[in-house]
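I have placed the structure first, in the form of structure tokens, so that the comments after it can refer back to it.
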Amino acid sequence: MPHPLLTQQDIETYQRDGTVLVKGLFKDQVEQLRAGVERNMAEPGPYAAENLKEGENGRFFDDYCNWTRIPEFAEAIQSSPAAAVAAELMGSETVQMFHDHVLVKEPGTSKPTPWHQDGPYYFVEGQQTVSFWSPLDPVTTASLRCVAGSHLWEKPILPTRWLAETSFYPNEEDYMQVPDPDAEGMKILEWEMEPGDAVAFNYMTLHGARGNDSTSRRRAFSLRLVGDDARYVERPGPTSPPFPGHEMQAGQRLRRDWFPMLIGSAD
1 MPHPLLTQQD IETYQRDGTV LVKGLFKDQV EQLRAGVERN MAEPGPYAAE NLKEGENGRF
61 FDDYCNWTRI PEFAEAIQSS PAAAVAAELM GSETVQMFHD HVLVKEPGTS KPTPWHQDGP
121 YYFVEGQQTV SFWSPLDPVT TASLRCVAGS HLWEKPILPT RWLAETSFYP NEEDYMQVPD
181 PDAEGMKILE WEMEPGDAVA FNYMTLHGAR GNDSTSRRRA FSLRLVGDDA RYVERPGPTS
241 PPFPGHEMQA GQRLRRDWFP MLIGSAD
């Protein structure tokens, strides 16, 4: 039987569309995660970024790879059913930690999160991947938007730097240019969400988000996990996150001392 938060249809939808809504995934960890976000914003890590240009309204903060230094994040990951749900969505016997990510759009932040796939930024490839995007505030128009089936496209989307809008890698010919899913009539899935709900999506699913035109904050916690077939891959430039000094070789599973197993064993 599927996990109580899932149905068999949810699992099939995830495999087909590359995304599905999981209601209440972090519902018991919302206050804990809010406290972690506040700590993160007060004590930003080395990868923290402010994603607005001069003259743009609001504040768009993001930071990642902080779960090892922010206890609220580590405790929420361990106490939530995220790993068990991930295993079923991915169809994987193992679930391994990759990283966490915080994204905060303060009220009146009109800048959208650009359309992108996460996978090309990462040094990991595989079909069995999942990212959970969970708002810590009610969201309507500022929810995550995912293009159904885009995880199955033959060519990846060119990764770019959000603020500078420049290419991440030199081999642009190996990638598709970012499409305009609204203008091109693509099937876009998005949901009104309550705190603790989560959008689950494959690393290769094209996604983005509108600006936050509400009078409330839009805090979101993301958790990135990998499964059985995920392997380290070389990229033609520094990845995001970079994880300097990892010493992994192409084709290896992610090293368990840096990326712990949450379910099962990599042996």
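In UniProt numbering, the protein residues as written are 1 to 267.
A virtual CB, placed ideally from N, CA and C, is assigned to each residue, including glycine.
Only a predicted model underlies this, so the values are computations on that prediction, with no experimental measurement involved.
Keeping to the same chain, check which residues put their C-beta closer than 7 Å to that of residue i; ignore five residues upstream and five downstream.
| i | result |
| --- | --- |
| G24 | L5, G196 and D197 |
| Q32 | E72, E75 and A76 |
| H246 | R255 and W258 |
| I11 | P2, E88 and L89 |
Shortest alpha-carbon distance to residue i belongs to which of the options?
| i | options | result |
| --- | --- | --- |
| M204 | H101, E56 and E154 | E154 |
| E54 | P46, T109 and S79 | T109 |
| S222 | L52, D118 and L89 | D118 |
| Q128 | A230, S134 and S80 | A230 |
| L52 | P46, F61, P44 and M41 | F61 |
| T68 | Q29, G45 and T140 | G45 |
| E106 | Y64, G58 and R224 | G58 |
| residue 314 | M176, A42 and S79 | What the structure shows of the chain is the stretch from 1 to 267, and residue 314 is not part of that stretch, so it cannot be assessed. |
| T140 | K111, G91, E165 and E194 | E194 |
| P81 | A200, Y14 and M248 | A200 |
May I ask whether a heavy atom of the ligand MG can be found less than 7 Å away from the beta carbon of residue i?
| i | result |
| --- | --- |
| M1 | Judged by which ligands are present, the structure shown has none, so any question about the ligand MG falls away. |
Quick check on residue i - is its C-beta less than 8 Å from some C-beta in chain B?
| i | result |
| --- | --- |
| V130 | Absent here is chain B; the protein component of the structure consists of one chain. |
Who are the near neighbours of residue i in its chain, counting only those whose CB is closer than 6 Å to its CB and skipping five residues on each side?
| i | result |
| --- | --- |
| G251 | R231 |
| L152 | none |
| N212 | K105, T109, A142 and R218 |
Distance check for residue j and residue i, CA to CA, integer angstroms please.
| i | j | result |
| --- | --- | --- |
| residue 328 | P159 | Beyond the ends of the chain as shown, which are 1 and 267, falls residue 328; an answer cannot be given. |
| A83 | S131 | 11 Å |
| G185 | S150 | 13 Å |
| D228 | A142 | 33 Å |
| F98 | S214 | 32 Å |
| W162 | D137 | 24 Å |
| E93 | N202 | 17 Å |
| E190 | V30 | 21 Å |
| D28 | A220 | 15 Å |
Output needed for residue i: all residues of its chain with C-beta closer than 8 Å, excluding positions within five of it in sequence on either side, in chain order.
| i | result |
| --- | --- |
| E125 | G119, A230, R231 and V233 |
| D182 | I188 |
Which full runs of the beta strand (DSSP E) of 3+ residues lie inside the region 97-138, going along the chain? 113-116 and 129-135
Is the region 100-109 close to the region 37-44, with three or more CB pairs under 8 Å? yes
Touch check for the region 231-245 and the region 160-177: three-plus C-beta pairs under 8 Å? yes
Are at least three pairs of beta-carbons, each pair with one atom in the region 134-152 and one in the region 206-215, less than 8 Å apart? yes
What are the start and end residues of each continuous beta strand (DSSP E) run of 3 or more residues lying completely inside the region 163-234, in chain order? 188-190, 198-201, 207-209 and 218-226
Return the chain-ordered ranges of every beta strand (DSSP E) run that is complete within the region 6-56 and spans a minimum of 3 residues. 19-22
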